[in-house]
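Chain order of the listed sequences is A and B. The opening position of the first sequence corresponds to residue 13 in our numbering, with each subsequent residue numbered one higher. The opening position of the second sequence corresponds to residue 13 in our numbering, with each subsequent residue numbered one higher. The beta-carbon is built from N, C-alpha and C at its ideal position, and this holds for glycine as well. All remarks here apply to the structure that follows.
2 protein chains.
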Amino acid sequence: MLHATTTSLEDLATPAAILDRTRLDRNLARLAARMADLGVALRPHMKTAKSIDVARRAFPNGPGPVTVSTLAEAEYFAGHGHRDITYAVGIAPHTASRAMALRKAGVDIKVLLDTVEQAAFLAEAGQASGVTPAAFIEIDCDGHRGGLRVDDHDLLKVAAALKESGSVLAGVLTHAGESYALHTPEALTAAAENERAVAVKAAERLRAAGHQCPTVSVGSTPTAHFAAALDGVTEVRAGVYMFFDLVMHGVGVCSTDDIALSVLSTVIGAKPEKGWIIIDAGWMALSRDRGTAGQRVDQGYGVVCDLAGRIYPDLIVAHANQEHGTLTIRLGSSRSLPDLPVGTKVRILPNHACATGSQHERYHVVAGQDAAIEAQWPRIRGW
Amino acid sequence: MLHATTTSLEDLATPAAILDRTRLDRNLARLAARMADLGVALRPHMKTAKSIDVARRAFPNGPGPVTVSTLAEAEYFAGHGHRDITYAVGIAPHTASRAMALRKAGVDIKVLLDTVEQAAFLAEAGQASGVTPAAFIEIDCDGHRGGLRVDDHDLLKVAAALKESGSVLAGVLTHAGESYALHTPEALTAAAENERAVAVKAAERLRAAGHQCPTVSVGSTPTAHFAAALDGVTEVRAGVYMFFDLVMHGVGVCSTDDIALSVLSTVIGAKPEKGWIIIDAGWMALSRDRGTAGQRVDQGYGVVCDLAGRIYPDLIVAHANQEHGTLTIRLGSSRSLPDLPVGTKVRILPNHACATGSQHERYHVVAGQDAAIEAQWPRIRGW
């Protein structure tokens, strides 16, 4: 249902994803200013928002450089005028062909790899499309996922394979994924400095071997917000900072008042003897993400707010079935359940905005505590 | 991308949801035969499949009775000719209006409630649409979620409220949700008997008070497969049995050879020194569901098979980022990593078919070990 005539949260069918544009704009401005101060470019990661309307808030003067996690995103943002795109997931044969088709269409798409084999089939895909591929070598700065260690002897081999096969080495790219497990400013600043230092060292090693390495790309939302200096880095990637979420709050990157995404839900029942209130947002609306389970404060499946976005203290979504959520007072709290009769609407702050957003087809956009819906912004999915 | 010309798993872009029609048909036939033997009707829950093509396999002779978890599903299946629909999530004011609009359009949709307040706004919605609502009273058989205990004094109050407001009491409905936490045949059979006995007792209490209570509806995939007798029950609901998954395997309801849903993925990297293989299926393709984490065997984010669906022993998706999965050998196993070079395709058996299916727009349908894709079946989402 498009709810074309719905103009207020009061009347909106639930569950539904709500995006607070006031918070979104503040989050975008905060990191943009920080990156400008540090003298580096910001290349927002669109994997969280997956929405051209959100991209337009990030780039009010026209399409700018973006990062994407799927070729569906690359094709979508290219179709809306973005011409400078980094596809930050290791390239495979079928994605190489699709990426090179996009390059043939005039999009400066750069891909990611860390093996000689990938350089080989990327070159083949480039030849098949009649274009020169451009690739980042992925660097592993903290053992989180893929990428080469800075001292790996494959680093120079992969760079040489790119050169020999006629591709362009765009630079090095790393992601401090382990920063999500931290929660003190000191540790986050240290993780940012490590991310920076490793990326710069990898670039220097490549340059010393005679390679051009124009771009040094780092990024994660926590390190982007805690980096003290970014000498040698040319660009920063971050995505979830646009919306923020309870995991980022647990890491210490934002306050709950910064969280721009929430899920509107309706009370559909109660079990007073168990201290339960049942709502119509289950894991289908909230996602199965339990990212706060390993943090100091476990937020269950989300924190409960009223229609205006004010938190009910200690009330969380403790359990989730497919289309049911169970609200309870947090274990150890002496508070009692608020009175929320059947039909009451609540808003749930999500653990992980990337996961919760992906459960919805569109954002219903509001500004601050105003319940008026000012727009509906579709989002894309798939690969 | 619609991959309109793709005819084989070998050529299919990844990640993608694969549905083995041979296993689907076998799972459908198995429970249908069981219900026929026990003398009760089967009302499949379409919340797992969300696909009219799957419904057509369950009802080869034309649209039959279904259960749904959203009104989007109700409207979709009604649009494809299903006229007997139970919406098995507690009714709210906005869903009551939509359900009654569907009733006005000639669909025999029955809703679910457990409070006098719900009976009141349901009656209002019925009057507004000029139809007589029909509702089940939800019964709580095991403390899992919503519903009234069989001896709750509200049971007769809610039935009276329905009658006084001009609605029809369709019957009682319960769901043995706690059966998912069991794993022995004895415990599952006992859970099924408890589910049956509670539902029948609730119906008898209502009948003794002068109410007609034509339908006694029970169901969960585990109890449906382990019920020894269903005396007094008129229909059984189950959904995930169509596809099965690793959670159902852990409960003991199916073998891994029965799991009809898998996610096709491509190897995009490796970290031999860590014992990791990186694939392009992360939580966006697999879902964040970790339902096996609390079972005797934790399957991570899924079990890894080759292209023909043969399991690599002890190889699981141990970690998942948004678009990356990390394969490792299960902790405690002495096996070594199989040789899976970049570009190799694998299939991942999911923890929870309802959650994994919902991450995809369509099923790519194959028959058994044949890699030929015989159809694409779209699925619906939203509310």
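Residues of chain A with CB closer than 7 Å to the CB of Lys62(B), please, in chain order. Locating residue 62(B) in the second sequence gives position 50, counting from the first residue. Chain A residues near Lys62(B): none, gap ~10 Å exceeds 7 Å.
Excluding the five sequence neighbours on either side, which residues of its own chain have a C-beta within less than 8 Å of the C-beta of Val219(A), listed in chain order? For the purposes of this step, residue 219(A) is identified with residue 207 of the first sequence, where counting begins at 1. The question names Val, yet the displayed sequence has Arg at residue 219(A). Only Cys225 meet the Cβ criterion.
So within the region 308–384 of chain B, which uninterrupted beta strand (DSSP E) runs reach at least 3 residues, ignoring any that extend past its ends? 315–317, 323–332, 337–341, 357–361 and 374–378
Compare the C-beta of Arg115(A) against all C-beta atoms of chain B and say whether one is closer than 8 Å. In the first sequence, residue 115(A) corresponds to position 103, counting from 1. Output row for Arg115(A): interface = no.
For the structure I just gave you, are there three or more beta carbon pairs, one from the region 268–283 of chain B and one from the region 19–29 of chain B, closer than 8 Å? yes
Which runs of the beta strand (DSSP E), 3 residues or longer, sit entirely within the region 211–249 of chain B? 227–230
Between the alpha carbons of Ser345(A) and Ile323(A), how many angstroms are there, rounded? Translated into the one-based positions of the first sequence, residue 345(A) becomes position 333. Translated into the one-based positions of the first sequence, residue 323(A) becomes position 311. Cα to Cα, Ser345(A) sits roughly 15 Å from Ile323(A).
Taking the alpha helix (DSSP H) that Gly262(B) belongs to, which residues open and close that run? Along the second sequence, one-based indexing puts residue 262(B) at 250. Taken as a continuous stretch (DSSP letters only), the alpha helix (DSSP H) holding Gly262(B) covers Leu258 to Val263.
I want to know whether the region 380–392 of chain A touches the region 57–65 of chain A - three or more CB-CB distances under 8 Å. yes
Would a check of beta-carbon distances place Met296(B) closer than 8 Å to chain A? The count along the second sequence starts at 1 and reaches residue 296(B) at position 284. Cβ-Cβ to chain A under 8 Å: yes for Met296(B).
Boundaries of the beta strand (DSSP E) in which Val184(A) is found, first to last residue: By 1-based counting over the first sequence, the position of residue 184(A) is 172. Val180 to Thr186 is the extent of the beta strand (DSSP E) around Val184(A).
Short check: CB of Lys59(A) to CB of Glu85(A), under 8 Å? For the purposes of this step, residue 59(A) is taken as residue 47 along the first sequence, with counting starting at 1. For the purposes of this step, residue 85(A) is taken as residue 73 along the first sequence, with counting starting at 1. In this structure, Glu85(A) lies closer than 8 Å to Lys59(A) by Cβ.
Report the rounded CA-to-CA distance for Ile271(B) versus Ser299(A), giving the unit in angstroms. Numbered from its first residue, the second sequence carries residue 271(B) at position 259. Numbered from its first residue, the first sequence carries residue 299(A) at position 287. Their Cα atoms are separated by approximately 23 Å.
8 Å Cβ cutoff, Val377(A) in contact with chain B: Taking the first sequence and counting its residues from 1, one reaches residue 377(A) at position 365. By this cut-off, Val377(A) is not an interface position.
In whole angstroms, what is the alpha-carbon distance linking His57(B) and Thr235(A)? One-based indexing of the second sequence puts residue 57(B) at position 45. One-based indexing of the first sequence puts residue 235(A) at position 223. Going from the Cα of His57(B) to the Cα of Thr235(A) covers about 45 Å.
Between Cys153(A) and chain B, is any beta-carbon pair separated by less than 8 Å? If you number the first sequence from 1, residue 153(A) lands on position 141. Answer no: the Cβ-Cβ gap between Cys153(A) and chain B never drops below 8 Å.
Counting only C-beta atoms, is Arg249(B) closer than 8 Å to chain A at any point? In the second sequence, counting from the first residue as 1, residue 249(B) sits at position 237. Chain A contact via Cβ: absent.
With DSSP as the reference, label Asp154(B) as helix, strand or coil. Translated into the one-based positions of the second sequence, residue 154(B) becomes position 142. Here Asp154(B) sits in coil by DSSP.
Residues sharing a beta bridge with Phe148(B), DSSP: For the purposes of this step, residue 148(B) is taken as the residue at position 136 of the second sequence. Leu124(B) and Gly183(B), per the DSSP bridge assignment.
Using a Cβ-Cβ cut-off of 8 Å (strictly less than) and excluding sequence neighbours within five positions of Val309(A), which residues of its own chain qualify? For the purposes of this step, residue 309(A) is taken as the residue at position 297 of the first sequence. Result list for Val309(A): Gly262, in chain order.
Can you give the Cα-Cα distance for Ala111(A) and Val123(A), rounded to whole angstroms? As a working note, residue 111(A) is residue 99 in the first sequence. As a working note, residue 123(A) is residue 111 in the first sequence. One C-alpha to the other measures close to 8 Å.
Can you name the residues that DSSP bridges to Gln388(A)? Residue numbering aside, residue 388(A) sits at position 376 when the first sequence is read from its first letter. Answer is His376(A).
Does Arg69(B) come out as helix, strand or coil in the three-state DSSP assignment? Residue numbering aside, residue 69(B) sits at position 57 when the second sequence is read from its first letter. Helix.
For Leu168(A) and Arg302(A), I'd like the C-alpha separation in whole angstroms. Within the first sequence, residue 168(A) is the residue found at index 156, counting from 1. Within the first sequence, residue 302(A) is the residue found at index 290, counting from 1. If I take the Cα positions, the gap works out to 39 Å.
Would you kindly work out how many angstroms separate the C-alpha atoms of Ile360(A) and Met260(A), rounded to a whole number? In the first sequence, the residue the question calls residue 360(A) occupies position 348. In the first sequence, the residue the question calls residue 260(A) occupies position 248. Ile360(A) and Met260(A): Cα-Cα distance of roughly 15 Å.
Spatial distance of Arg35(B) from Gly369(B) (CA atoms): Within the second sequence, numbered from 1, the residue matching residue 35(B) stands at position 23. Within the second sequence, numbered from 1, the residue matching residue 369(B) stands at position 357. Cα to Cα, Arg35(B) sits roughly 16 Å from Gly369(B).
What runs of the alpha helix (DSSP H), each 4 residues or longer, lie entirely inside the region 26–99 of chain B? 33–50, 64–70 and 83–91
According to DSSP, is Ser277(A) part of a helix, a strand, or is it coil? Within the first sequence, the letter at position 265 stands for residue 277(A). DSSP places Ser277(A) in strand when its eight states are reduced to three.
Label His165(B) either buried or exposed according to how many other C-beta atoms from any shown protein chain fall within 10 Å of its C-beta, with 16 as the threshold for buried. Against the second sequence, residue 165(B) aligns to sequence position 153. So His165(B) counts as exposed.
Hey, is Leu21(A)'s beta-carbon within less than 8 Å of any beta-carbon in chain B? For this step, residue 21(A) is matched to residue 9 along the first sequence. With 8 Å as the cut-off, Leu21(A) does not count as an interface residue toward chain B.
Going by C-alpha to C-alpha distance, which of Pro77(A), Tyr99(A) and Pro105(A) sits closest to Glu136(A)? In the first sequence, the residue the question calls residue 136(A) occupies position 124. Cα-wise, what sits closest to Glu136(A) is Pro105(A).
Does the beta carbon of Leu299(B) come closer than 8 Å to any beta carbon on chain A? Within the second sequence, residue 299(B) is the residue found at index 287, counting from 1. Note on residue identity: the sequence assigns Ser, not Leu, to residue 299(B). Yes, because at least one Cβ of chain A sits closer than 8 Å to the Cβ of Ser299(B).
Closer than 8 Å, CB to CB, is Ser81(A) near chain B or not? One-based indexing of the first sequence puts residue 81(A) at position 69. Ser81(A) counts as touching chain B.
Here's the rule: buried if 16 or more other CB atoms are within 10 angstroms of the residue's CB, otherwise exposed. What is Leu312(B)? Here residue 312(B) refers to the residue found at position 300 of the second sequence. A small correction: the amino acid at residue 312(B) is Gly; Leu does not occupy that position in the sequence shown. It counts as buried.
Measuring alpha carbon to alpha carbon, tell me which residue in Ala383(B), Ile392(B), Arg393(B) and Ala379(B) is nearest Arg33(B). Within the second sequence, the letter at position 21 stands for residue 33(B). Nearest option by C-alpha distance: Ala379(B).
Would you call Asp351(B) buried or exposed, if buried means 16 or more other Cβ atoms sit within 10 Å of its Cβ? Along the second sequence, one-based indexing puts residue 351(B) at 339. Result: exposed.
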